[in-house]
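Everything on this sheet refers to the single structure shown next.
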Amino acid sequence: MSTEETYRYNFNEIEKKWQGFWEGNKTFAALDVCEKPKYYVLDMFPYPSGEGLHVGHPEGYTASDIVARQKRMAGFNVLHPMGYDAFGLPAEQYAVKTGTHPRITTEKNINNIRKQIKSLGFSYDWDREVDTTKPEYYRWTQWIFLKLFNSYYDSKQNKARPIEELEIPEGLSDVQRYAYIDDHRLAYEAETPVNWCPALGTVLANEEVIGGVSERGGHPVIRRPMRQWMLRITKYAERLIDDLEGLDWSYGIKKLQIDWVGKSIGAEVDFKVDCEPGSMMAQQEPVIRVFTTRPDTLFGATYMVLSPEHPLVDEIVGDQERLAVEGYRAEAATKSDLDRTDLSKDKSGVFIGAYAINPVNGEKVPIWISDYVLASYGTGAIMCVPAHDTRDHEFATKFDLPIIEVVQPAHDEDASDGCFTGDGIAVNSGAYNGLTTPEFKEKISHWLEDNGIGKKTINYKLRDWLFSRQRYWGEPFPIVHAENGEVIGIKENELPVALPEVENYQPSGTGESPLANITEWLNIEYEGKKVRRETNTMPQWAGSCWYYLRYIDAMNDKAPFDKEKEKYWMPVDLYIGGAEHAVLHLLYARFWHKVLYDAGWVSTKEPFQKLINQGMILGSDGQKMSKSRGNVVNPDAVINNYGADSMRLYEMFMGPLSATKPWNMQGVEGVHRFLQKVWRMIIDSGEDQFTRGTGELNPAINDKPLEDKDLRLLHKTIKKVTEDIENFAFNTAISQMMIFTNELSKLKNRNKKAMEAFVLILAPFAPHLCEELWQKLGHQDTLAYEPWPAYDESLTEDTKIELIVQVNGKVRDKITMPADSDEGTIKQAAQESVKVQQHTDGKTIRKVIVIKNRLVNIVAN
RNA sequence: GCCGAAGUGGCGGAAUUGGCAGACGCGCGGGAUUCAAAAUCCCGUUCUGGCAACAGAGUGUGGGUUCGAUUCCCACCUUCGGCACCA
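Numbering of the first sequence is given in my numbering, commencing with residue 7 and proceeding in unit increments.
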C-alpha cells in the first residue's frame, strides 16, 4: 500500500506550510489600539553567537510561547516580541583576528539565529524585532544615557531630577561649577581602580573576572586606576530593595537581589588619633571614622585596622614603621582580588606606629593596616572587636592582640572558639552592662549622636556601576570633552553618535578603545569649541536595559517609544529567562527603568511583574553541555528528525520548567510517537485498523455523543491543561493529553466537537500539527484566535468513587460507591468487606475514620 | 563558611489544606500482526518471598507528631546553583 506513506504525519511539510501562513498573514501582530485586555510576554533575548541556539534557549521560548498562544485564545491582546542583544566581545575578538567587521559577523549570526528561532514556530510579532547594534536602536540607548548624564538624585524627594534644577552654591568659578555639577550627575566620570586585562586590552567588570583571569580567554587581570564612566546606581539601592515587594518573583531571586544590594544598618563612630600634645599633628586633630553594625561592642574594641589605601595612613604612620608600612601597601596594591581572597585564611597586616582613643572608655588602641579591610566599603576603616567578630578574632590571635569579651550569650548558646557573634547580654561595658544587644545599640547610638562622635548609618555593598569599556563593538557615548575640562552631552536631536569605521580593531594599547586612533573622528568642533570625543563605549548590558520598552514601539523614529503605548503595554506581565541573569541584568534594567520613571517616561515603578527562570538542560551524560565533552545537542538536528512540534513538546515534557534536567533523545522519540498518535486519532492515515488511508478525516469521527466517562475525561483534560498552563506545569498538562489520546484512540466513535476542543488545547504546545488538524476538521482560518475551550466543573468529577479501605493504616480493600455518600453508609459498607473482616477478626474496632470520597481507615487492636 | 534549591523505580518525572506512592513517558520482558522487518496494537514491569492468591519492606539518614507522613517538626548526610573577608 503505497498510500500509507503519503498520509502519515508529515511534520516537515506541515511545519513549513504553517510557518509560511503565519508569516504571510502576520497572524501574531499585536494591536496597539485594542479593546481586549493586554498581556505582555517577554523572553530574554539572545546574544547571537556564532554557534547559534543551543537547546536551552528553546526551553524558555517554548514556555513563553505556550502562554502567549493560550492568552490569545483566552481573549487577550498579546505582545510577544523577539530581538538580539548583539553588541559584545566575541564579534570584536573575531574582528581582531580576521579583520572582518563585527557588523558582518553579527548580521550573519543574527540571520542564522533568526532562522533557527523561526523554525520552532514561535508566535512572535516579527515587525517589532530589535537589534541593539542598529543605529536606529542605539540612538535611543544613547538618549537614555543622556537622561542619566543630565540628572541628579534629590535625596529629599527621593527621585532623580533634571540637572538644571540642581542648586549650585554661589561664588564658584566656571571650572568649579562644572566640577560641582559633574559630581552630582547620575552618569559621571571617575578615576577608579579597575580590572585591566592587558591581553584583551580592556577593562573588565568584576563579574567578567573569574579567579583572577578573564572570563573569556582566561587572560591575567591586574588592578589599575583609570578614567571611567560610572552610573550612580547606589542612589537607588533602597528603592531596588523596597520595590521588590510587589513583584511576583521567586523568593530565591528576590533574596539574591537583596543580598547583592547588601543593606546593613549600623553606626559611624569617630576615634581620635592619639597625638603628642602640642605637636603639628595634634593641631589637625585627626580622626578615624569607622563603620560598625555592632556599636554595642565598642567596649571590646581593642585595636583598629585601616585599609592599606586609607588616606590617613601617610599622615599618622610612625617614623620607625614607615618602611614596613610602605612595603605592605605596595604589596597590597599589586595583589589581584584573587590573591586577596586566597590569603583570607591567613590574615596579614602591619602596625603603623600610631594609636587611637576608644571614645567610650578612653583606652589607647593600636592602629594597624590590613588588606582584609576594604577601602571601598564603609569608611575603609574598622574598629576591631576580636571577641565577637570572627575575622577580627583571627587577626588578633595571629598578632597577639588583646581580646575582651563584652557580650554574653543570653542562653547557653554555643560560644565556640571564644568568639561569640550573636546577640546577647552586655558585660564589661560600664554603665551598659546587662542590656540586651538591641537595647544597647539603641542607647549607644543616641549617646554617640549627643556627643558628636557618631551617628546611625546605613551602608550598602552595592557599588556604582562601572559603565565604560575600551572596546570598539559597543554604543559610543554621546559625549565630548572640551579643552577647559567641560564635559558636554551631544544634543538629543543630533543622535545617534554613529560608530565610525576603523582600520583595525586592535585596542590602542594605551587602554583606550580603537576609536582613539581615528583622529578625524576624534577631534572635532562642537558648538564653537574644540573638543575631543569620548572614546569609551558602553558595556553589553546597556542595550538589554531597556529593550522591553522598545518592543512597544519598535519603529518610532521620534522617540524611544510612545508614552501612550507604554501606558497600555507596561508592565511586562511575564518575563522568562535563564537564572544566570538573576542578579545583574535584572538589577541594571530595574535601575534604568526607575530613572525613566523619575523622568516621567514610564508609568510603572518596576518593569517585570512576574519572573520565571527556566532551568539548565544538561547533556545526556548528566553533565553541562560543552563542546569539549561532546554532549551538545543541536536543535536543528532535532527539528530535522522529529519536527519543531516534537522538539517543543519534549522540552516541556522533560520535567518542571525551573528544574535542571538531562537531555534524552529517546524521550524526544516518545513525545513524537504521541503526536503521531494524535494524528492517527483524527486523520484517516491508513495505519489504523478502522481506516483506509484517504488522508482526510478519520471515519471514526462523527457527531455521536461521547459516553459519560469519556465526556468526563474530556472536561477533566481541559481543566487540567488550563490550570497547568497557568502554573507553568507543562509536563503534567502533556501527560494528561496523552491519557486523553490513549483513551479516545480506542473508540470507534470519536465525537467531532470533542476532537476540536482537544486540538485547541494542544495547539499552544504543538501549533503546526494542530493548525493542520483544525483545517482538516473543516475550518478555514487559523485557530490562533479561537476561543479557549471551556469546561463544565460538574463534569470534571466522577459520579462513582473508588474508596480505599484501610485497617490500621494499611490498604486492605477498595469499594466503589456513589460520590458524596454519607459517612454512615461508607462505614457500614467498609465493615461489610470480607477482606476487612479477615484483618479485624478477633480484634476490637476502636475507631473508624472516614474521609469523604477518599478513604476509610478502621483502627482495631 | 554563608545563602538558595533539591534528594522518590533501571532512567526523566507524578502525587501537598497530611489520605491508594510510582500518573505520563523512556527503557526492558512477553505476545499479536508480518515471509521477515519497520510501524502499530495488547499484556507485564519498585524491591523481597510465592506458581498464584497474598504477605512483608519501601520516597537520602536517624528521631518525633498523627488513626494515617513523600507531604508537618527536630537533627544530620549528599548533590546542584549563587556569594565569598562588606565590619
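C-beta atoms are modelled at their ideal positions from N, C-alpha and C, and glycine is treated no differently.
task = For ASN16, collect the residues of the same chain with a Cβ closer than 7 Å to its Cβ; drop the 5 residues on either side in sequence, then sort them by chain order.
result = Counted from its first residue, the first sequence places residue 16 at position 10. Take ASN16, set aside five residues on each side of it, and no residue of its chain has a beta-carbon closer than 7 Å to its own.
Evaluate the contact criterion for the stretch 630 to 640 versus the stretch 50 to 70: three or more CB pairs, one atom per stretch, below 8 Å. Touching, per the Cβ criterion.
Tell me which same chain residues have a C-beta within less than 8 Å of the C-beta of VAL319, skipping the five on either side of it?
As a position in the first sequence, residue 319 is number 313, starting the count at 1. Correct list, in chain order: LEU312, VAL331, ARG335, ILE358, ILE375.
Which residue wins for smallest C-alpha separation from SER550, given the options LYS32, ASN156, ALA92? Against the first sequence, residue 550 aligns to sequence position 544. Among LYS32, ASN156, ALA92, the Cα nearest to that of SER550 belongs to ALA92.
task = Can you give me the Cβ contacts of GLN25 inside the same chain, cut-off strictly under 8 Å, excluding the 5 residues immediately before and after it?
result = Position 19 of the first sequence, counted from the first residue, corresponds to residue 25. So the list reads LYS124, SER125, GLY127, HIS774, once near-sequence residues are dropped.
- Can the beta-carbon of VAL227 be found less than 7 Å from the beta-carbon of ARG556? As a working note, residue 227 is residue 221 in the first sequence. As a working note, residue 556 is residue 550 in the first sequence. No Cβ-Cβ contact shorter than 7 Å links VAL227 with ARG556.
Let me confirm a value: GLU10 is counted as buried when at least 16 other C-beta atoms fall within 10 Å, else exposed. Which label applies?
Counting from 1 along the first sequence, the entry for residue 10 is found at position 4. With a pLDDT of 41 at GLU10, under the threshold of 50, the predicted position of this residue should be treated as unreliable, and no value is reported.
Fill in: Enclosing alpha helix (DSSP H) for ASP398 [first to last residue]
Stepping through the first sequence from its first residue, residue 398 is reached at position 392. Counting along the chain, the unbroken alpha helix (DSSP H) around ASP398 starts and ends at 396 to 405.
Item to complete: Have a look at ASN733 and GLU509 and give me their C-alpha separation to the nearest angstrom.
Response: On the first sequence, residue 733 is found 727 positions in, with the first residue counted as 1. On the first sequence, residue 509 is found 503 positions in, with the first residue counted as 1. Each residue's Cα considered, the two are about 53 Å apart.
Just how far apart, CA to CA, sit PHE597 and GLY177?
For the purposes of this step, residue 597 is identified with residue 591 of the first sequence, where counting begins at 1. For the purposes of this step, residue 177 is identified with residue 171 of the first sequence, where counting begins at 1. The straight-line gap from Cα to Cα measures roughly 35 Å.
Practice problem: Please list the segments of the alpha helix (DSSP H) lying wholly inside the stretch 185 to 214, counting only runs of 4 or more residues, in order along the chain. | Solution: Counting only runs of at least 4 residues, the stretch 185 to 214 fully encloses no alpha helix (DSSP H) element at all.
Worksheet entry | Beta-carbon contacts of THR138 that lie in its chain and below 6 Å, excluding the five residues immediately before and after | Taking the first residue of the first sequence as position 1, residue 138 is located at position 132. ASP91, ALA92, PHE93, GLY549.
Closest to ALA69 by CA distance: which of ARG539, GLU803, SER664, TRP149 is it? Locating residue 69 in the first sequence gives position 63, where the first residue counts as 1. Checking every option, the nearest Cα to that of ALA69 belongs to SER664.
Around the C-beta of ILE174, are 16 or more other C-beta atoms found within 10 angstroms, so that it is buried, or is it exposed?
For this step, residue 174 is matched to residue 168 along the first sequence. For ILE174, the number of other beta carbons within 10 angstroms of its own is below 16, and it is reported as exposed.
Using DSSP with H/G/I as helix, E/B as strand and the rest coil, what is ILE20?
As a working note, residue 20 is residue 14 in the first sequence. If DSSP states are grouped into helix, strand and coil, ILE20 belongs with the helices.
- Task: Classify ALA790 as buried or exposed, calling it buried when 16 or more other Cβ atoms lie within 10 Å of its own Cβ.
- Result: Translated into positions along the first sequence, residue 790 becomes position 784. Burial call: buried.
Is the beta carbon of ILE807 less than 7 Å from the beta carbon of LEU861?
-> Counted from its first residue, the first sequence places residue 807 at position 801. Counted from its first residue, the first sequence places residue 861 at position 855. No, the Cβ-Cβ distance between ILE807 and LEU861 is not below 7 Å.
Leaving out five residues before and five after THR846 in sequence, what residues of the same chain have Cβ atoms less than 7 Å from its Cβ? If you number the first sequence from 1, residue 846 lands on position 840. Taken in chain order, the residues that qualify are VAL813, ILE864, ALA866.
Original post:
How is PRO226 classed by DSSP in three states: helix, strand or coil?
Top reply: Reading the first sequence from its first residue, position 220 is the one you call residue 226. PRO226: strand per DSSP, three-state reduction.
- Since THR822 sits in a beta bridge, which residues does DSSP pair it with? In the first sequence, residue 822 corresponds to position 816, counting from 1. DSSP lists GLU808 as partners of THR822.
Practice problem: Thinking PHE473 and TRP235 are a contact (beta carbons under 8 Å), I'd like their distance in whole angstroms, please. | Solution: Here residue 473 corresponds to residue number 467 of the first sequence, with the count starting at 1. Here residue 235 corresponds to residue number 229 of the first sequence, with the count starting at 1. Contact flag correct, Cβ pair sits at about 5 Å.
### Query
alpha helix (DSSP H) containing LEU304: first to last residue?
The residue you call residue 304 lines up with position 298 of the first sequence. Where LEU304 is concerned, there is no enclosing alpha helix (DSSP H), given that its DSSP letter is neither H nor E.
Fill in: Counted within 10 angstroms of its Cβ, other Cβ atoms place TYR46 as buried (16 or more) or exposed
As a position in the first sequence, residue 46 is number 40, starting the count at 1. With 16 or more other CB atoms across the displayed protein chains lying within 10 angstroms of its CB, TYR46 is buried.
- Message: Buried or exposed for ARG818, going by 16 or more other Cβ atoms inside 10 Å?
- Response: On the first sequence, residue 818 is found 812 positions in, with the first residue counted as 1. ARG818 is buried by the Cβ-count criterion.
Going by C-alpha distance, which of CYS425, LYS404, LYS370, LEU407 is nearest ALA393?
Taking the first sequence and counting its residues from 1, one reaches residue 393 at position 387. Taking the Cα of ALA393 as reference, the smallest distance to any Cα among CYS425, LYS404, LYS370, LEU407 is reached at CYS425.
Alpha carbons only, please: which of GLU142, VAL356, ASP133, PRO52 is nearest the one belonging to ILE119? Residue 119 sits at position 113 when you count from the first residue of the first sequence. Distance from the Cα of ILE119 is smallest, within the candidate group GLU142, VAL356, ASP133, PRO52, for PRO52.
- Output the distance between the C-alpha atoms of TRP266 and TYR797, rounded to the nearest integer angstrom. Within the first sequence, numbered from 1, the residue matching residue 266 stands at position 260. Within the first sequence, numbered from 1, the residue matching residue 797 stands at position 791. Spanning the two alpha carbons is a distance of roughly 46 Å.
request  = Identify whether ARG238 lies in helix, strand or coil by the three-state DSSP scheme.
outcome  = The residue given as residue 238 occupies position 232 in the first sequence. Three-state result, ARG238: coil.
Checklist entry - What's the gap between the Cα of GLN414 and the Cα of ASN367? => result Start at 1 with the first residue of the first sequence, and residue 414 comes out as number 408. Start at 1 with the first residue of the first sequence, and residue 367 comes out as number 361. Just so you know, the alpha carbons of GLN414 and ASN367 end up roughly 19 Å apart.
Using the C-alpha atoms, what's the distance from ASN457 back to GLU868? No information on residue 868 is available, as it lies outside the stretch 7 to 867 that the chain covers here.
Could you tell me the alpha carbon to alpha carbon distance between LEU206 and HIS225, rounded to whole angstroms? Your numbering for residue 206 matches position 200 in the first sequence. Your numbering for residue 225 matches position 219 in the first sequence. Spanning the two alpha carbons is a distance of roughly 8 Å.
Q) Which whole-angstrom value describes the C-beta separation of MET310 and VAL371, a residue pair presumed to lie in contact below a C-beta threshold of 8 Å? A) Position 304 of the first sequence holds residue 310. Position 365 of the first sequence holds residue 371. Yes, MET310 and VAL371 are in contact; Cβ-Cβ is about 6 Å, under 8 Å.
- What span of residues does the alpha helix (DSSP H) with PRO372 cover, start to end? In the first sequence, counting from the first residue as 1, residue 372 sits at position 366. Segment 370 to 375 is the beta strand (DSSP E) holding PRO372; no alpha helix (DSSP H) there.
For ALA866, which three-state DSSP category applies? In the first sequence, the residue the question calls residue 866 occupies position 860. The answer is strand: DSSP assigns ALA866 an E or B state.
Assuming MET79 is part of the alpha helix (DSSP H), what are its boundary residues? Residue 79 sits at position 73 when you count from the first residue of the first sequence. Element bounds for MET79: 62 to 79.
Per DSSP, what are the beta-bridge partners of PHE277 in this structure? Locating residue 277 in the first sequence gives position 271, where the first residue counts as 1. Note: PHE277 sits in a beta bridge opposite ILE294.
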